[in-house]
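Contents: one structure, followed by commentary.
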Amino acid sequence: MTEILEIWGGHPLCGTVEIPSAKNSVLPLLAASVLCREKVCLEKIPQLSDVQVSLALLRELGVSARQSGNRVLIDAERDISSSLSTEMMRKMRASVLFLAPVLSRTGAVDASLPGGCKLGARPIDIHLDGLEKMGATIHWHEERLYLRAPHGLKGTEYTLRCPSVGATETLLMAAVCAKGTTVLHGTAREPEIMDLADFLNTCGGHITGAGSDTIRIEGVPSLLGGTYTPVPDRIVAATVACACAAAGGCITMHGVQAELFEPVLEVLEKAGCTVQRENESVTVERRQLLHGVGLVETGVYPGFPTDAAPLLAAALLQAEGESCIRDTIFPKRFACAEGFSAMGAQVQLEGPALHIYQGKAMHGARVRAQDLRGGAALAIAALGTAGKTEISDVFYMKRGYEDMKSLFRQLGVKVRTKKK
Ligand code: EPZ
Numbered sequence: 003m004t005e006i007l008e009i010w011g012g013h014p015l016c017g018t019v020e021i022p023s024a025k026n027s028v029l030p031l032l033a034a035s036v037l038c039r040e041k042v043c044l045e046k047i048p049q050l051s052d053v054q055v056s057l058a059l060l061r062e063l064g065v066s067a068r069q070s071g072n073r074v075l076i077d078a079e080r081d082i083s084s085s086l087s088t089e090m091m092r093k094m095r096a097s098v099l100f101l102a103p104v105l106s107r108t109g110a111v112d113a114s115l116p117g118g119c120k121l122g123a124r125p126i127d128i129h130l131d132g133l134e135k136m137g138a139t140i141h142w143h144e145e146r147l148y149l150r151a152p153h154g155l156k157g158t159e160y161t162l163r164c165p166s167v168g169a170t171e172t173l174l175m176a177a178v179c180a181k182g183t184t185v186l187h188g189t190a191r192e193p194e195i196m197d198l199a200d201f202l203n204t205c206g207g208h209i210t211g212a213g214s215d216t217i218r219i220e221g222v223p224s225l226l227g228g229t230y231t232p233v234p235d236r237i238v239a240a241t242v243a244c245a246c247a248a249a250g251g252c253i254t255m256h257g258v259q260a261e262l263f264e265p266v267l268e269v270l271e272k273a274g275c276t277v278q279r280e281n282e283s284v285t286v287e288r289r290q291l292l293h294g295v296g297l298v299e300t301g302v303y304p305g306f307p308t309d310a311a312p313l314l315a316a317a318l319l320q321a322e323g324e325s326c327i328r329d330t331i332f333p334k335r336f337a338c339a340e341g342f343s344a345m346g347a348q349v350q351l352e353g354p355a356l357h358i359y360q361g362k363a364m365h366g367a368r369v370r371a372q373d374l375r376g377g378a379a380l381a382i383a384a385l386g387t388a389g390k391t392e393i394s395d396v397f398y399m400k401r402g403y404e405d406m407k408s409l410f411r412q413l414g415v416k417v418r419t420k421k422k
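Residue 191 in our numbering sits at position 189 of the sequence shown; the count goes up by one each step and never skips.
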């Protein structure tokens, strides 16, 4: 049984939406709460399947963790277990973020490799190399991973071989209660990294430099707890902005700052949208034909975000003129190209680059989501295409979007879900 999203597209969007907290900040914060000896309350948390997986992983460890509305309450005061099941680990990439906090808290962690969207090889070598440099020993047995640090983790100076978001988060969480000082070089600079550092500091950590490529962490014996509201979701905001570009119309997003997704807004302006930037809101409007934007390359923050690459591609299917989007982060970012072609789009996938040509009118079709952002991109393509499009395997989108049907209904779209 799979759920199908039916979208009747080809009409301009109009309305306002509230941007939720960022999935890619909430997930590390939930893992980091393992380090907190007092209660943690996270506010404005969207109902996402990945959040439910994180709460289940916390409960596997013996941590009290539940979501009530858009508030998450966590209590990790009592001693915790150090074993994470393969079944839960395999459900998402962010499960890897539990390794460091559990190892730091208990001196051991037994786990497996994480799951996650199939965007190409997604090794965790930098996570593990950094933990080894901080005193962990690592053993593999029958696809299970056993990390030990019986005398605790110790501060070190470490350079990441590439600015991995997850590895930066792992090493931040490993260092915050390590013995001594840690200096990390070549760190990722995403807003979600700054958010994790702010959260850990709120709970008693001593971290400086997050958001730059060098982060210094003075280890503290343990963390307290606290209440925290994560940063807004810049990729959900990019999704809404690209939806407006694809279908036309005017959408105001409340609760988000333009600078979080400025590279996306700049490309949409180049394609013919108008953007109004206020303190805590952004309005995107598209009244004229979109035009192609030539080559767009993704990059680590503050470059064009890899997660928005399929979203922008979906909008540019409606453009006069050619565009090409090349993902420099993940080799298999454009699985959604198959669905675009089924809708009549003229696209050509060459390795990590998707070429988009001005084609004849697109049409509704039956398509299948193959990953989170690719599924969202198919929905954007459907919004810009006259007729009915059916998207199956919408469970992928539920990982990162609270309720896509309600979101589009708020914007005047005729949309329905059905089981098949
Ligand atoms: C995070 O994934 C996000 N996920 C991804 O969002 C996002 O696309 C990605 O960062 C890049 O911005 C979460 O935050 C939960 P990386 P992550 O480590 O941490 C290589 C979404 O749609 N690498 O920055 O896994 C890796 O293979 C998801 O919300 C190593 O080689 O990304 C990739 O090529 C999709 N060794 C590159 O680094 C390592 O140890 C960037 O990966 C780690 C990473």
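Where is the CB? At the ideal position from N, CA and C, for every residue including glycine. Quantities reported herein were computed from a predicted structural model and do not represent experimental measurements.
Self-check item: 6 Å Cβ shell around Ile217 - same chain, five flanking residues per side excluded
Solution: The sequence position of residue 217 within the sequence shown is 215, counting from 1. The residues are Leu186, Thr189 and Gly211.
Quiz item: Are the Cβ atoms of Leu50 and Glu404 separated by less than 8 Å?
Solution: On the sequence shown, residue 50 is found 48 positions in, with the first residue counted as 1. On the sequence shown, residue 404 is found 402 positions in, with the first residue counted as 1. Closer than 8 Å, so yes.
Practice problem: Give the DSSP-derived three-state secondary structure of Leu44 in the structure shown. | Solution: As a working mapping, residue 44 is identified with position 42 in the sequence shown. Three-state DSSP puts Leu44 in a strand.
Quiz item: Does DSSP put Cys252 in a helix, a strand or coil?
Solution: The count along the sequence shown starts at 1 and reaches residue 252 at position 250. DSSP places Cys252 in strand when its eight states are reduced to three.
Quiz item: When burial is assigned at 16 or more other CB atoms within 10 Å of the CB, is Glu194 buried or exposed?
Solution: Along the sequence shown, read from residue 1 onward, the residue named residue 194 stands at position 192. Burial call: buried.
Quiz item: Should Met91 go down as buried or exposed, given a rule of 16 or more other Cβ atoms within 10 Å for buried?
Solution: Locating residue 91 in the sequence shown gives position 89, where the first residue counts as 1. Looking at its Cβ environment, which holds 16 or more other Cβ atoms inside 10 Å, Met91 is buried.
Quiz item: Say the cut is 7 Å; is the CB of Leu31 nearer than that to a heavy atom of the ligand PLP?
Solution: Judged by which ligands are present, the ligand PLP is missing from the structure shown, whose ligands are the ligand EPZ.
Quiz item: Mind checking whether Cys38 and Cys205 have CB atoms under 8 Å apart?
Solution: Here residue 38 corresponds to residue number 36 of the sequence shown, with the count starting at 1. Here residue 205 corresponds to residue number 203 of the sequence shown, with the count starting at 1. Their beta carbons are under 8 Å apart, which means Cys38 touches Cys205 by this criterion.
Exercise. Identify whether Gln360 lies in helix, strand or coil by the three-state DSSP scheme.
Key: Position 358 of the sequence shown, counted from the start, is the residue given in the question as residue 360. It is coil, neither helix nor strand.
Exercise. Kindly indicate which three-state DSSP category Ile195 falls into: helix, strand or coil?
Key: Position 193 of the sequence shown, counted from the first residue, corresponds to residue 195. Helix, per DSSP.
Self-check item: Inter-stretch contact at 8 Å, needing at least 3 Cβ pairs: the stretch 164-173 / the stretch 117-133
Solution: yes
Self-check item: Pro125 burial status per 10 Å Cβ neighbour count (16 or more: buried)
Solution: For the purposes of this step, residue 125 is identified with residue 123 of the sequence shown, where counting begins at 1. Exposed is the call here.
Quiz item: From Ala239, Arg80 and Ser56, pick the residue whose C-alpha is nearest to that of Leu313; which is it?
Solution: Translated into positions along the sequence shown, residue 313 becomes position 311. Out of Ala239, Arg80 and Ser56, Ala239 has the C-alpha closest to the C-alpha of Leu313.
Quiz item: Between the stretch 376-383 and the stretch 19-38, are three or more C-beta pairs nearer than 8 Å?
Solution: no
Quiz item: Okay, do the stretch 78-89 and the stretch 59-69 touch, 3+ Cβ pairs below 8 Å being the bar?
Solution: yes
Quiz item: Can we count Phe332 as close to the ligand EPZ, meaning its CB is less than 7 Å from some heavy atom?
Solution: As a working note, residue 332 is residue 330 in the sequence shown. Phe332 Cβ: within cutoff of the ligand EPZ.
Self-check item: Cβ-Cβ distance between Ala34 and Phe306 below 8 Å
Solution: Taking the first residue of the sequence shown as position 1, residue 34 is located at position 32. Taking the first residue of the sequence shown as position 1, residue 306 is located at position 304. The answer is no: Cβ separation not under 8 Å.
Quiz item: In terms of residue numbering, what span does the alpha helix (DSSP H) encompassing Asp52 cover?
Solution: Along the sequence shown, one-based indexing puts residue 52 at 50. Its alpha helix (DSSP H) spans residues Ser51 to Glu62.
Quiz item: At a cut-off of 7 Å, is Lys25 close to the ligand EPZ when judged by its beta-carbon and the heavy atoms of the ligand?
Solution: Within the sequence shown, numbered from 1, the residue matching residue 25 stands at position 23. Yes, since a heavy atom of the ligand EPZ falls inside the 7 Å radius drawn around the Cβ of Lys25.
Quiz item: Would the beta-carbon of Ala169 be found less than 7 Å away from any heavy atom of the ligand EPZ?
Solution: Residue mapping note: residue 169 aligns to position 167 of the sequence shown, counting from 1. Checking the Cβ of Ala169 against the ligand EPZ gives yes.
Quiz item: Hey, would you say the C-beta of Gly402 is under 7 Å away from at least one heavy atom of the ligand EPZ?
Solution: If you number the sequence shown from 1, residue 402 lands on position 400. Answer for Gly402: yes, Cβ within range of the ligand EPZ.
Practice problem: Could you give the DSSP three-state label for Tyr303: helix, strand or coil? | Solution: Position 301 of the sequence shown, counted from the start, is the residue given in the question as residue 303. The answer is coil: DSSP assigns Tyr303 none of H, G, I, E or B.
Self-check item: Residues near Lys181 by beta carbon distance below 8 Å, same chain, minus five either side
Solution: Numbered from 1 along the sequence shown, position 179 holds the residue referred to as residue 181. If we look at Lys181 and ignore the five residues flanking it on each side, its Cβ neighbours are Gly154, Leu155, Lys156, Gly157 and Gly221.
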